[in-house]
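*Asks:*
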Amino acid sequence: MTKVTRYIFMILGTLSFVLAIAMFPAVLKQSAFDGSLRFHWSEGWTSLARYLEGIANGDSFRYLAGQKELPFFRQIGSSFLLSLIYLATGAAVGLTMGIALGIHFALSRAKGLRRLLDVTGVLPDFVIVLLLQFAIVLLSSATGLLLVQVASITADRPAVALPILSTIIVPSGYMIRNVALHMSQTLTEDYIKAAKARGLKKRYLIFFHALPNVLPFIKADANKFLAILFGNLFIFEYLFNLNGVTAFLFSNAYTTFKLYQYNLVVNGILALLLLYAILFALVRALLFGWEKVFAHE
């Protein structure tokens with residue numbers, strides 16, 4: 048099987064999975080008589096058929112918001128850009144900071160900082176967000192100064208500092224621990240000891256001997272790194288009152304008459320997959336840059 052064929056099958060499999068997973072709210076419904084959950088497969092297949100038929104005339108790319116019918120692509124643009132800016136900043140800074148501080152922690156003997164990092168790594172994302180918001184409110188109550196917004200007031204005035212800080216803290220913590228672990232193990236290898244015996248400087252030894260052998264482990268964990276970043280995207284956007292992709296999706300999945308909008312959910316999930324693909328390409332590009340700089344003697 049050629050690479051092109053594999054990509055075609057991967058794309059078709061992903062689309063089939065999205066079309067299937069979006070059917071569940073239409074299929075699984077609560078009975079009005081006894082409150083039990085029942086499967087209504089006919090409604091799921093009907094939703095799928097309508098979506099496929101609506102691709103040609105554009106009906107699949109329109110949705111209801113209140114009493115208005117709106118075009119999906121025109122409305123999703125600002126939400127997609129908002130999520131992309133925050134997540135791309137978190138991915139780029141978190142990755143760079145994670146590698147740099149991971150190397151430092153691997154060489155440092157400050158066990159207290161490593162324990163603190165381990166403790167913060169246990170905390171869920173939403174707890175970190177709430178702690179940051181609580182710290183700002185507490186500081187504002189004590190000093191009378193509100194340094195940054197704890198949440199977005201309106202769509203035209205989104206919170207910036209705290210959301211970006213949150214997207215940096217969570218993935219960078221994972222990357223620091225990961226890099227520190229692999230760097231500590233790499234520094235015990237025989238070729239590192241041989242390089243030390245040759246009298247190579249410590250900085251050169253770390254960046255041009257040890258780091259090139261750590262970068263493949265980081266590259267292999269790129270999906271896990273992004274999964275951590277994406278894991279609580281809805282909670283992140285909800286707590287900061289950001290109109291990102293997930294907030295847009297959840298607020299419009301059902302109409303005012305409680306009708307499930309299958310086409311909107313399918314398009315929203317595809318938008319999230321596109322967002323993930325862009326961020327994955329960004330992370331791989333950054334790692335490629337690290338390799339170009341350090342992966343040679």
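Mapped onto our numbering, the consecutive letters of the sequence shown carry residue numbers 48 to 344.
Ideal Cβ positions, reconstructed from N, Cα and C, are used throughout, including at glycine.
#1: Where are the alpha helix (DSSP H) runs, 4 residues long or more, that stay fully inside the segment 306-342, in chain order?
#2: Less than 6 Å between C-beta atoms, sequence neighbours within five positions excluded: which residues of the same chain meet that for residue 126?
#3: Between residue 326 and residue 138, which are expected to be in contact by the criterion C-beta below 8 Å, what is the C-beta distance as a whole number of angstroms?
#4: What three-state label does DSSP hand residue 116 in the structure shown?
#5: Can you grab the Cα-Cα spacing for the pair residue 69 / residue 311, in whole Å?
#6: Using a Cβ-Cβ cutoff of less than 7 Å, which residues in the same chain neighbour residue 285 once the five nearest sequence positions on both sides are dropped?
#7: Note the first and the last residue of the continuous alpha helix (DSSP H) segment covering residue 180.
#8: Note the first and the last residue of the continuous alpha helix (DSSP H) segment covering residue 276.
#9: From residue 173 to residue 272, what does the alpha carbon distance come to, in whole angstroms?
#10: Given a threshold of 16 other Cβ atoms within 10 Å of its Cβ, counted over all protein chains shown, does residue 217 qualify as buried or as exposed?
#11: Which term fits residue 57, buried or exposed, when burial requires 16 or more other beta carbons within 10 angstroms of its beta carbon?
#12: To the nearest angstrom, report how far apart residue 337 and residue 113 are at their CA atoms.
#13: Comparing alpha-carbon positions, which option in 252, 248, 225 and 229 lies nearest residue 238?
#14: Going by C-alpha distance, which of 143, 151 and 103 is nearest residue 335?
#15: Along the alpha helix (DSSP H) that carries residue 76, what are the first and last residues, could you check?
#16: Are the CB atoms of residue 219 and residue 153 nearer to each other than 8 Å?
#17: Tell me the residue span of the alpha helix (DSSP H) that contains residue 62.
#18: According to the Cβ coordinates, are residue 222 and residue 175 closer than 8 Å?
#19: Per the DSSP calculation, residue 86 is bridged to which residue(s)?
#20: Mark residue 279 as exposed unless 16 or more other C-beta atoms lie within 10 angstroms of its C-beta, in which case mark it buried.
#21: Among 98, 74, 100 and 96, which one has its Cα closest to the Cα of residue 88?
#22: Just to confirm the assignment, what range does the alpha helix (DSSP H) spanning residue 229 have?
#23: Who are residue 289's beta bridge partners in DSSP?
#24: What three-state label does DSSP hand residue 204 in the structure shown?
#25: Given this structure, state the Cα-to-Cα distance separating residue 267 from residue 234, to the nearest angstrom.
#26: Looking only at its chain, what residues have a beta carbon closer than 6 Å to the beta carbon of residue 136, apart from the 5 residues adjacent to it on each side?
#27: Quick check on residue 250: does DSSP put it in helix, strand or coil?
#28: CA-CA distance, residue 308 and residue 333?
*Replies:* In brief:
#1: The segment 306-342 contains, as complete alpha helix (DSSP H) runs of 4+ residues, the segments 309-341 (chain order).
#2: Within the same chain, and ignoring the five residues on either side of residue 126 in sequence, the residues whose Cβ sits closer than 6 Å to its Cβ are 290, 291, 292 and 295.
#3: Residue 326 to residue 138, Cβ: 5 Å. Contact.
#4: When DSSP states are grouped into helix, strand and coil, residue 116 belongs to the strand group.
#5: Residue 69 and residue 311 have their C-alpha atoms roughly 9 Å apart.
#6: These residues qualify, in order along the chain: 294.
#7: Residue range 172-190 is occupied by the alpha helix (DSSP H) that includes residue 180.
#8: That run of the alpha helix (DSSP H) goes 269-278.
#9: For residue 173 and residue 272, the distance between alpha carbons rounds to 17 Å.
#10: Under this definition residue 217 is a buried residue.
#11: Looking at its Cβ environment, which holds fewer than 16 other Cβ atoms inside 10 Å, residue 57 is exposed.
#12: Taking the straight line joining both Cα atoms gives about 49 Å.
#13: Among 252, 248, 225 and 229, the Cα nearest to that of residue 238 is on 252.
#14: A check of alpha carbon separations from residue 335 across 143, 151 and 103 identifies 143 as the nearest.
#15: Counting along the chain, residue 76 falls outside any alpha helix (DSSP H), though it belongs to the beta strand (DSSP E) covering 75-77.
#16: Result no, Cβ atoms of residue 219 and residue 153 do not sit closer than 8 Å.
#17: Per DSSP, residue 62 belongs to the alpha helix (DSSP H) from 50-68.
#18: Contact: no.
#19: Under DSSP, residue 86 forms a beta bridge with 75.
#20: When all chains shown are included, residue 279 counts as buried.
#21: Answer by Cα proximity: 74.
#22: For residue 229, the enclosing alpha helix (DSSP H) covers residues 208-233.
#23: Residue 289 is not bridged to any residue.
#24: Strand, per DSSP.
#25: So the two alpha carbons sit approximately 20 Å from each other.
#26: Correct list, in chain order: 211.
#27: Looking at residue 250 - three-state DSSP - the assignment turns out to be helix.
#28: C-alpha separation (whole angstroms): 38 Å.
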